[in-house]
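Undergrad:
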Amino acid sequence: MSNAQTIARNTGLIFIGELTTRALAFALVVVIARHLGGIGLGAYSFAFAFTDLLLNVADMGIPIYMARRIGRNRSETQACLSHVLGIRTALLPLILIAGVAFAYATGATTETRTIILLATAGMALNFLADPFRAVFMAHERNAYYSAILIAERLIFTITGIALLAAGKGLVPVMLAYIASQLVAVAANAYFVRRGFSAFTIKLDRQQASAILKGAAPIWAANFLRMVYQRADALMLSAMKGFEATGLYSSAYKITEALTVVPLALIGATLPAMSKFFSTSSQSLKVLYEKSFYYLLLLALPMAAGLTLTADRIILFLYGPQFSAAAAALIMLAWAEALLFLHLIMGFLLTAIDRQGLFTAATAAYAAANVAINLVLIPRYGAAGAAAAALATQAIAVAILYTFCSKNGYAINLPRIIWKPAAATAAMAATMILMSNLHLMATVPAAAATYVAALVLLKGIGKEDAKLLMNVVLNRP
Numbered sequence: 009m010s011n012a013q014t015i016a017r018n019t020g021l022i023f024i025g026e027l028t029t030r031a032l033a034f035a036l037v038v039v040i041a042r043h044l045g046g047i048g049l050g051a052y053s054f055a056f057a058f059t060d061l062l063l064n065v066a067d068m069g070i071p072i073y074m075a076r077r078i079g080r081n082r083s084e085t086q087a088c089l090s091h092v093l094g095i096r097t098a099l100l101p102l103i104l105i106a107g108v109a110f111a112y113a114t115g116a117t118t119e120t121r122t123i124i125l126l127a128t129a130g131m132a133l134n135f136l137a138d139p140f141r142a143v144f145m146a147h148e149r150n151a152y153y154s155a156i157l158i159a160e161r162l163i164f165t166i167t168g169i170a171l172l173a174a175g176k177g178l179v180p181v182m183l184a185y186i187a188s189q190l191v192a193v194a195a196n197a198y199f200v201r202r203g204f205s206a207f208t209i210k211l212d213r214q215q216a217s218a219i220l221k222g223a224a225p226i227w228a229a230n231f232l233r234m235v236y237q238r239a240d241a242l243m244l245s246a247m248k249g250f251e252a253t254g255l256y257s258s259a260y261k262i263t264e265a266l267t268v269v270p271l272a273l274i275g276a277t278l279p280a281m282s283k284f285f286s287t288s289s290q291s292l293k294v295l296y297e298k299s300f301y302y303l304l305l306l307a308l309p310m311a312a313g314l315t316l317t318a319d320r321i322i323l324f325l326y327g328p329q330f331s332a333a334a335a336a337l338i339m340l341a342w343a344e345a346l347l348f349l350h351l352i353m354g355f356l357l358t359a360i361d362r363q364g365l366f367t368a369a370t371a372a373y374a375a376a377n378v379a380i381n382l383v384l385i386p387r388y389g390a391a392g393a394a395a396a397a398l399a400t401q402a403i404a405v406a407i408l409y410t411f412c413s414k415n416g417y418a419i420n421l422p423r424i425i426w427k428p429a430a431a432t433a434a435m436a437a438t439m440i441l442m443s444n445l446h447l448m449a450t451v452p453a454a455a456a457t458y459v460a461a462l463v464l465l466k467g468i469g470k471e472d473a474k475l476l477m478n479v480v481l482n483r484p
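Under the working numbering, think of the first position of the sequence shown as 9, with each following residue one higher.
What follows is the structure, given as structure tokens:
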């Protein structure tokens, strides 16, 4: 199988897994909003905003470091995995202590405090499962990754929805989350041992130091990026309460689900990028530019489509009580489009061992995000947080594009943007003309218009179409 076919196949596998799990997660969010209202959704989002931030503090960039290191030399799988498991086992008590401290420091109600504690326990289990997922990705065997992810999310979502339908609150739902994470840890460990490598739990000071040193720049960038992604919900909760947080989260969860697209492509291409950095700089440039272009092909119509249908989507999913979230959704849609490009540029820097630049860029835009939120949230609430997200992504893309260009990976933006932009304009015109029709009629017609315009403009060639079909159909 060629490199392009392998990447296409693995992108498809990750995409299927991530898309399915995010769709299931989003379904649970909608049910929470419908049954528990904005305050209930706000409490749920607040707990996971904290645990996501805590996970990224404890993560230390190690899974990405593992994927890069093992991707270059698969014989290191057993040693690398065993030492990483030792590090993670040693960190578990600290994670749990941090969760308890935060839960009691917030001064929240007993129920909210319990939700935070249960979310922390589930996150700790997820923390143990991550190194096994990194092994699947490094070996480019993402069927395991996707299947276990889907099973885990099915358990949580189906059980959670059933509990909510039965009139239960968030505490039983969080217990279902813990159960799903227990299944995930056991399944990941079982399939790694069965099909890839034996492992033990080792804690060697010298090896741990080497791993942490190698992963540190990745960790810093990931942590700062998570500060940006979760600061809005935490700051909204502190400044405006759970109702404003729930309003913002209703829009944010829609765009967050779409992050599956760049993450799937990056998850499949990072091992190849790392390998090409050592073996073929020209192949790396081609892979990077193709990845950038494919993400642009998807980002522009996604943002334009959400802009033109935001009010109807919010009404359909959440009901009239969340109608004020439409303005936030429009801004978050364009922030998400920029995030597609932000991520591929950031992980290119990781693949070429320039993680320090990714970290510097992330520090700059994370600081900008906090500052902008401090100004906008008190005055505009959820809409202010969304505007801050859009401004932050614009800053991030500008910085990362500069760094990539200075390291020999410049992209001629006007040359690659105009065709997707023209096709998006044609799509938008179709949506405006059909605005009185149901979304189920408008969206397929708009998508067909976009694809037809791309073909007419030769914005996608036969080779591109074949690879994209491989991704969609998961064919080798």
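Each residue gets a CB set at the ideal place from its N, CA and C atoms; glycine is no exception.
#1: Identify whether residue 50 lies in helix, strand or coil by the three-state DSSP scheme.
#2: Looking at the secondary structure, which residues open and close the alpha helix (DSSP H) in which residue 350 lies?
#3: Terminal residues of the continuous alpha helix (DSSP H) containing residue 322?
#4: Does the distance from the C-beta atom of residue 238 to that of residue 60 stay below 8 angstroms?
#5: Straight-line CA distance for residue 27 to residue 386?
#6: Assuming residue 333 contacts residue 396 under a Cβ cut-off of 8 angstroms, what Cβ separation, rounded to an integer in Å, is found between them?
#7: Check whether the Cβ atoms of residue 178 and residue 73 lie closer than 8 angstroms to each other.
#8: Just curious, the alpha helix (DSSP H) that residue 91 is in, first and last residue?
#9: Three or more beta-carbon pairs under 8 angstroms between the stretch 128 to 142 and the stretch 165 to 181, yes or no?
#10: So residue 269 and residue 348 are supposed to be a Cβ contact under 8 angstroms. How far apart are they, rounded?
#11: Rank 65, 316, 95, 233 by C-alpha distance to the C-alpha of residue 371 and give the top, closest one.
#12: Check whether the stretch 117 to 125 and the stretch 151 to 162 touch, using three or more Cβ-Cβ pairs below 8 angstroms as the test.
#13: Taking all protein chains shown into account, do 16 or more other C-beta atoms lie within 10 angstroms of the C-beta of residue 69, making it buried, or fewer, making it exposed?
#14: Given this structure, state the Cα-to-Cα distance separating residue 327 from residue 259, to the nearest angstrom.
#15: Quick check: what's the CA-CA separation for residue 251 versus residue 410?
#16: Round the Cβ separation of residue 465 and residue 427 to the nearest angstrom and send it over; I've been treating them as touching at under 8 angstroms.
#17: Pull up the distance between the alpha-carbon of residue 199 and that of residue 331, whole angstroms please.
#18: In the structure shown, what three-state DSSP assignment does residue 435 receive?
#19: Short of 6 angstroms in beta carbon distance, which residues of its chain neighbour residue 223, apart from the five on each side in sequence? Order them along the chain.
#20: Measure the Cβ-Cβ separation of residue 343 and residue 401 and say whether it is below 8 angstroms.
#21: Does DSSP classify residue 28 as helix, strand or coil?
#22: Looking only at its chain, what residues have a beta carbon closer than 8 angstroms to the beta carbon of residue 211, apart from the 5 residues adjacent to it on each side?
#23: By DSSP, does residue 177 sit in helix, in strand, or in coil?
#24: Judging by CA-CA distance, which residue of 45, 358, 281 is the nearest neighbour of residue 257?
#25: Cβ of residue 55 within 8 angstroms of Cβ of residue 103?
#26: On the CB-based measure, 16 or more other CB atoms within 10 Å of its CB, does residue 292 come out buried or exposed?
#27: Buried or exposed: which applies to residue 76, given that a residue is buried once 16 or more other Cβ atoms fall within 10 Å of its Cβ?
#28: Report the residue ranges of all alpha helix (DSSP H) runs contained in full by the stretch 389 to 438; include only those spanning at least 4 residues, in chain order.
#29: With a threshold of 7 angstroms on Cβ separation, who are the neighbours of residue 220 within its own chain once the five nearest residues in sequence on each side are excluded?
#30: Under the rule that 16 or more other beta-carbon atoms within 10 Å means buried, what is residue 381, buried or exposed?
#31: Taking residue 316 and residue 439 to be in contact with their CB atoms under 8 angstroms, please state how far apart those CB atoms are, rounded to whole angstroms.
#32: In this structure, how does DSSP classify residue 149 when only helix, strand and coil are distinguished?
#33: What do you reckon, are the CB atoms on residue 314 and residue 337 nearer than 8 angstroms?
#34: Nearest-angstrom Cα distance between residue 40 and residue 361?
TA: Let's see:
#1: For the purposes of this step, residue 50 is identified with residue 42 of the sequence shown, where counting begins at 1. The answer is helix: DSSP assigns residue 50 an H, G or I state.
#2: Numbered from 1 along the sequence shown, position 342 holds the residue referred to as residue 350. Per DSSP, residue 350 belongs to the alpha helix (DSSP H) from 333 to 359.
#3: Locating residue 322 in the sequence shown gives position 314, counting from the first residue. That run of the alpha helix (DSSP H) goes 289 to 326.
#4: Numbered from 1 along the sequence shown, position 230 holds the residue referred to as residue 238. Numbered from 1 along the sequence shown, position 52 holds the residue referred to as residue 60. Taking 8 angstroms as the Cβ cut-off, residue 238 and residue 60 qualify as a contacting pair.
#5: As a first step, residue 27 must be located in the sequence shown, where it is residue number 19. As a first step, residue 386 must be located in the sequence shown, where it is residue number 378. Cα-Cα distance, rounded: 34 angstroms.
#6: On the sequence shown, residue 333 is found 325 positions in, with the first residue counted as 1. On the sequence shown, residue 396 is found 388 positions in, with the first residue counted as 1. In fact, because the Cβ distance is near 16 angstroms, the residues do not count as touching under 8 angstroms.
#7: Taking the first residue of the sequence shown as position 1, residue 178 is located at position 170. Taking the first residue of the sequence shown as position 1, residue 73 is located at position 65. Going by C-beta atoms, residue 178 is not nearer than 8 angstroms to residue 73.
#8: In the sequence shown, the residue the question calls residue 91 occupies position 83. Here the alpha helix (DSSP H) through residue 91 covers 85 to 113.
#9: no
#10: To locate residue 269, count along the sequence shown from 1; it is residue 261. To locate residue 348, count along the sequence shown from 1; it is residue 340. Rounded, the Cβ-Cβ distance is 7 angstroms, consistent with contact.
#11: Indexing the sequence shown from 1 puts residue 371 at position 363. Ranking the options by Cα distance to residue 371, first place goes to 233.
#12: no
#13: The sequence position of residue 69 within the sequence shown is 61, counting from 1. By the neighbour-count rule (16 or more Cβ atoms within 10 Å), residue 69 is buried.
#14: Within the sequence shown, numbered from 1, the residue matching residue 327 stands at position 319. Within the sequence shown, numbered from 1, the residue matching residue 259 stands at position 251. Computed Cα separation, rounded: 13 angstroms.
#15: Translated into positions along the sequence shown, residue 251 becomes position 243. Translated into positions along the sequence shown, residue 410 becomes position 402. Straight-line Cα distance between these residues: approximately 39 angstroms.
#16: Within the sequence shown, the letter at position 457 stands for residue 465. Within the sequence shown, the letter at position 419 stands for residue 427. Between residue 427 and residue 465 the Cβ distance is about 5 angstroms, and since that is below 8 angstroms, they are a contact.
#17: By one-based count along the sequence shown, residue 199 stands at place 191. By one-based count along the sequence shown, residue 331 stands at place 323. Cα to Cα, residue 199 sits roughly 45 angstroms from residue 331.
#18: Translated into positions along the sequence shown, residue 435 becomes position 427. Three-state result, residue 435: helix.
#19: Indexing the sequence shown from 1 puts residue 223 at position 215. Cβ within range, chain order: 68, 69, 70, 73.
#20: On the sequence shown, residue 343 is found 335 positions in, with the first residue counted as 1. On the sequence shown, residue 401 is found 393 positions in, with the first residue counted as 1. Yes, they are a contact pair.
#21: Counting from 1 along the sequence shown, the entry for residue 28 is found at position 20. Residue state, collapsed to three classes: helix.
#22: For the purposes of this step, residue 211 is identified with residue 203 of the sequence shown, where counting begins at 1. If we look at residue 211 and ignore the five residues flanking it on each side, its Cβ neighbours are 91, 94, 95, 97, 98.
#23: To locate residue 177, count along the sequence shown from 1; it is residue 169. In this structure, residue 177 counts as coil in the three-state DSSP scheme.
#24: Residue numbering aside, residue 257 sits at position 249 when the sequence shown is read from its first letter. With distances taken between Cα atoms, residue 257 lies closest to 45.
#25: In the sequence shown, residue 55 corresponds to position 47, counting from 1. In the sequence shown, residue 103 corresponds to position 95, counting from 1. Not closer than 8 angstroms, so no.
#26: Counted from its first residue, the sequence shown places residue 292 at position 284. Residue 292 is buried by the Cβ-count criterion.
#27: What you label residue 76 is simply residue 68 of the sequence shown in a count that begins at 1. Buried, because 16 or more other Cβ atoms sit within 10 Å of the Cβ of residue 76.
#28: 390 to 414
#29: Counting from 1 along the sequence shown, the entry for residue 220 is found at position 212. Hits under 7 angstroms: 68.
#30: Residue numbering aside, residue 381 sits at position 373 when the sequence shown is read from its first letter. Buried, because 16 or more other Cβ atoms sit within 10 Å of the Cβ of residue 381.
#31: Against the sequence shown, residue 316 aligns to sequence position 308. Against the sequence shown, residue 439 aligns to sequence position 431. Indeed they touch by this definition, with Cβ atoms about 5 angstroms apart.
#32: Here residue 149 is taken as the residue at index 141 of the sequence shown, counted from 1. Residue 149 falls in the coil class under three-state DSSP.
#33: Residue 314 sits at position 306 when you count from the first residue of the sequence shown. Residue 337 sits at position 329 when you count from the first residue of the sequence shown. Going by C-beta atoms, residue 314 is nearer than 8 angstroms to residue 337.
#34: Taking the first residue of the sequence shown as position 1, residue 40 is located at position 32. Taking the first residue of the sequence shown as position 1, residue 361 is located at position 353. So the alpha carbons of these two residues sit roughly 42 angstroms apart.
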